[in-house]
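For the record, the sequence lines run as chains B and U. For the first sequence, this note's numbering assigns the number 9 to the initial residue and increments by one for each residue that follows. For the second sequence, this note's numbering assigns the number 753 to the initial residue and increments by one for each residue that follows. Ideal placement from N, C-alpha and C gives every residue a C-beta, glycine not left out. Since the model is a prediction, treat every value here as computed from it, not as a measurement. Reviewing the structure listed below.
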Amino acid sequence: MDATILLAAAINGLLIGGIYTLVASGLTLIYGVLHIINFAHGSMLMLAMFGVFFLLTKAGIDPYAALLVMVPAMFALGYLLYRGVIGRFSSGKDENILLITLGLSILIENLALMFFKGDTRTISVAYSDKMVELGPLLVSLPKIISFVAAMVLCGVLGLWMQRSDTGKAIRAVAKERMGARLVGIDVDRVFAVSYGIGLATLGAAACLLMPIFYVSPTIGHVFVIVAFTVVVLGGMGSFLGAVVGGLIVGLTESFGGLFLGESLGQIGISLIFILILLLRPSGLFGAGR
Amino acid sequence: MTLTPRISRRAVVKAAAASTVLGAPGLLLAQARPIKVGLIHPVSGALAYSGGQGRMGCQMAIDEINAAGGIKALGGARLEATLGDSQSRPEVGVAEVERLHQENVAAYVGCFSSAIALPATQAAAKYNTPFMIDVGVSDAIVSRGLKNVFRLAPGNGKCVDDAFAGLAEVNKAAGGVAKSVLLVHEDSEFGTSTARLLQGKISGVGLEVKEVLKHATPTRDFSNLVLRVKSLKPDLVIISNYQNEYVLLARTMHQQRVDVAGMFSVLGGGFNYRLVKEQPDVAQYMMDFNHWYNPNNPKAQAMRKAVEARGGLFTFEVYCGYNAVKCYADAIERARSAEKDKVIAALETSTWSDHFMPYGPTKFVNGQNTGGRAVLLQASKTDIDVVWPNEFAGAKPVFPKPKFG
């Protein structure tokens, strides 16, 4: 096979992997650190993407400028949702959280269907068709931006988790809930903050995705399985894992598509999922429990 | 089910006496029971938009018929929509057929997707309930000998035949610039069956298939596939897939500046006014063979205005659904009954022409309307025009499309 095509597939794989990392970074925090299986992750991404869509079409706010609105807005939504709904009705039980987030996702998706209709929508901004020449390749500028942003975002979040007090508190709660409570950490607040941060990353993901992708009420399904695969592969709760996992999944999909065709190529993602569960259930960078 | 109103003999005598006295001969008929029509569309899940559009079209027809006094042959019996949601899944479509059967529907209209229509029509066949296919192009739907299934719009066999006739003519008029074709299709029943048909016919019009590329639904990134297209350098790219992937693929082709004589789709899921409005640069020059209304028909134009006035898009699902319901209503009128056997017999001999599709009067053979046809459309930066056949054309095709500067 032509070396240019292999190189192109590698670049495309890395770029799409960057997008998977973006979507998975919030999930790894929520799923990995707090052990909440957030079934509403996909529908929250969808909400954020519609947010970006309407900010541009109704208020003329550029998707990248919308970061300033969407990130805090999604954080607030996550925080309030946890405080008002998830935390309140779960009574601290993981299996309840699972059902609540599943219920939320069904509710949100159908409300979106009612209000936004099932149509596929895209946005067009001045740079959405800007291409950068990388050797023989034309690479879309918004994709490069999203890739870089995903790496920066995961780096910052990873550092913040290591260094900041809130980050330490989140990790303490994740490791030993009772112990954390005994040393004076407000566990409920930590849960709400973490859920908020998880959703804030989706706000960022939505801003970076919209110039590249489309949005419809079911867009969450397109990404959520991949995001779970990335989290399981990278190791729950590890941002480095989300980056490496996202890139591996992106590359697998890209080369799978190249060698097996776009139809069968996606089998690679499921294979990775099964293999990692069999051989290394804690993921590449995850701490065993 | 029966549509004869349950009225006691005494009541009949009384009413007859009253009508003689009051001069109101329509009294009995005015009490006609509504006719339930089961609308089965994928209004949630991956095909939700198209399903919602189809449902809207059917409901518009039902509202219009009722507003005009219902089914006249049955004393103004109203049509009543009984809604079903197949959730974009075949097994749910079948479950909805069963559920609506419990609700005593007299007919079904649906299903948008071939994959759903195949098992759903089979389920309805058990009860011999007429099933009007609004959209669902797989020819297998009408070739299994099911007497209850009728399709007004053309199947993919006919669409492909029309597509090649149109393509050959447009290519010939341009001096035969296109010689090779690359096929891209999604890998479920719709895309696969259409691509298979295309592949069989391409050589017949002097074109050569360079390669067939298939992809899953959903596909998140088309960069690699478009690279393949670029390296194969076909003159034409023919796509057959659903809306989301159509948009993503068209956009990637545009971004990668793939120079082809024409980007062409048969029943392209995403080729619609939304694409033209949101991505005019991507949409421009794209061509599609699809179900379309007759642009010269004033009723079609009026309906387009009405749909757009309520903020909707006048997509093919809308008017295919609309006309499917109207065709069914015409059959009830002529059968003078909504009984299943009688309606099926009336549909078999239907010569209905009060539609606004580019077809002649209906003529069903094995449930397929043989007059149904597809037309060639091309997007400009602001609208979609019919460019072939000439009798319906509103613009001339731009072919080959200008190269990327």
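Residues bridged to residue i [DSSP beta-bridge criterion]
i: M1015/U; result: V989/U
i: R896/U; result: Its beta-bridge partners do not exist; DSSP assigns none.
i: S932/U; result: E960/U
i: T834/U; result: G790/U
i: Y1111/U; result: Note: Y1111/U sits in no beta bridge, so no partner.
Within-9 Å CB hit, residue i to chain B
i: A877/U; result: no
i: A825/U; result: no
i: L755/U; result: Confidence in L755/U is poor, its pLDDT being 45 and thus under 50, which makes the residue's placement too unreliable to answer from.
i: L1128/U; result: no
i: P1032/U; result: yes
i: R1026/U; result: yes
i: L934/U; result: no
i: K962/U; result: no
i: K966/U; result: yes
i: K1155/U; result: no
i: L1065/U; result: yes
i: R1056/U; result: no
i: R980/U; result: yes
Pairwise C-alpha distance: residue j and residue i
i: D137/B; j: S148/B; result: 7 Å
i: A182/B; j: A48/B; result: 20 Å
i: V933/U; j: V1012/U; result: 10 Å
i: K101/B; j: H43/B; result: 10 Å
i: M244/B; j: F236/B; result: 10 Å
i: S172/B; j: R179/B; result: 11 Å
i: V936/U; j: I114/B; result: 33 Å
i: K924/U; j: R1086/U; result: 45 Å
i: L142/B; j: F263/B; result: 19 Å
i: A16/B; j: S1102/U; result: 56 Å
i: I823/U; j: Y1071/U; result: 20 Å
i: V133/B; j: D70/B; result: 8 Å
i: D1033/U; j: L146/B; result: 18 Å
i: N976/U; j: K982/U; result: 10 Å
i: L35/B; j: S865/U; result: 34 Å
i: D1106/U; j: D1082/U; result: 9 Å
i: E1060/U; j: E261/B; result: 40 Å
i: L1128/U; j: I284/B; result: 49 Å
i: E117/B; j: P219/B; result: 22 Å
i: I747/U; j: S1089/U; result: Outside the shown range of chain U, which is 753 to 1157, sits residue 747/U, and nothing can be said about it.
Beta-carbon neighbours of residue i, restricted to chain U and to distances below 9 Å
i: L262/B; result: According to the sequence provided, residue 262/B is Ser. The question's Leu does not apply to it. Ordered by position in chain U, the residues that pass the 9 Å Cβ test against S262/B are D973, S975, N976.
i: G254/B; result: Chain U residues near G254/B: none, gap ~12 Å exceeds 9 Å.
i: G92/B; result: Within chain U, no residue comes near G92/B; the closest Cβ sits about 26 Å away, beyond 9 Å.
i: G243/B; result: The contacting residues do not exist; G243/B stays about 23 Å from chain U at best.
Contact list for residue i against chain B, beta-carbon separation under 7 Å
i: G715/U; result: As shown, chain U starts at 753 and ends at 1157. That puts residue 715/U outside it, with no answer to give.
i: R841/U; result: Within chain B, no residue comes near R841/U; the closest Cβ sits about 12 Å away, beyond 7 Å.
i: P970/U; result: V230
Interface partners of residue i on chain U, CB under 7 Å
i: T226/B; result: G797, A798, A800
i: S154/B; result: Result: empty, since nearest Cβ-Cβ is about 12 Å, beyond 7 Å.
i: M302/B; result: With chain B represented from 9 up to 297, any question about residue 302/B goes unanswered, as that position is not in the structure.
i: L266/B; result: N976
Under 8 Å from the C-beta of residue i: neighbouring residues of chain B
i: S983/U; result: D10, I13
Within-9 Å CB hit, residue i to chain U
i: A17/B; result: yes
i: F221/B; result: yes
i: L292/B; result: no
i: M159/B; result: no
i: S278/B; result: no
i: S132/B; result: yes
i: E103/B; result: no
i: V239/B; result: no
i: G143/B; result: no
i: S271/B; result: yes
9 Å Cβ cutoff, residue i in contact with chain A
i: F281/B; result: Annotation note: the requested chain A is absent from the structure, which comprises protein chains B and U.
Partners in chain U for residue i, counting only beta-carbon separations shorter than 8 Å
i: L146/B; result: Q1007, Q1008, R1009
i: L259/B; result: Result: empty, since nearest Cβ-Cβ is about 11 Å, beyond 8 Å.
Practice item. Could you please tell me which residues of the region 782–811 of chain U, in chain order, have their CB closer than 9 Å to any CB of chain B? Key: Listed in sequence order: P794, V795, S796, G797, A798, L799, A800, Y801, S802, G803, G804, Q805.
Review point. Between the region 985–1010 of chain U and chain B, which residues of the former have a C-beta closer than 8 Å to a C-beta of the latter?
Key: Sequence-ordered contacts of the region 985–1010 of chain U with chain B read Q995, N996, V999, L1000, R1003, H1006, Q1007, Q1008, R1009 [C-beta pairs closer than 8 Å].
Practice item. Mind checking the region 41–68 of chain B against chain U and listing, in chain order, the residues whose C-beta falls within less than 8 Å of any C-beta there? Key: If you check each beta-carbon in the region 41–68 of chain B against every beta-carbon of chain U, none falls closer than 8 Å.
Point to revise | Chain-ordered residues of the region 108–127 of chain B with a beta carbon less than 7 Å from chain U | key: Only N118, L121, K125, G126, D127 from the region 108–127 of chain B bring a Cβ to less than 7 Å from some Cβ of chain U.
Practice item. Taking a Cβ distance cut-off of 8 Å, strictly less, list which residues of the region 937–950 of chain U are near chain B, in chain order. Key: Those residues of the region 937–950 of chain U that come within reach of chain B (Cβ to Cβ, closer than 8 Å) are D939.
Exercise for review: Report the residues of the region 18–41 of chain B with a CB closer than 7 Å to any CB of chain U, ordered along the chain.
Suggested key: Within the region 18–41 of chain B, the residues whose Cβ lies closer than 7 Å to any Cβ of chain U are, in chain order, N20, I24.
Exercise for review: Mind checking the region 182–209 of chain B against chain U and listing, in chain order, the residues whose C-beta falls within less than 8 Å of any C-beta there?
Suggested key: Listed in sequence order: no entries.
Review point. When you check each C-beta in the region 162–174 of chain B against every C-beta of chain U, which residues fall closer than 9 Å?
Key: Cβ proximity to chain U below 9 Å picks out nothing from the region 162–174 of chain B.
Point to revise | Residues of the region 890–923 of chain U with Cβ closer than 8 Å to any Cβ of chain B, in chain order | key: Close to chain B, meaning a Cβ-Cβ distance shorter than 8 Å, is no residue of the region 890–923 of chain U at all.
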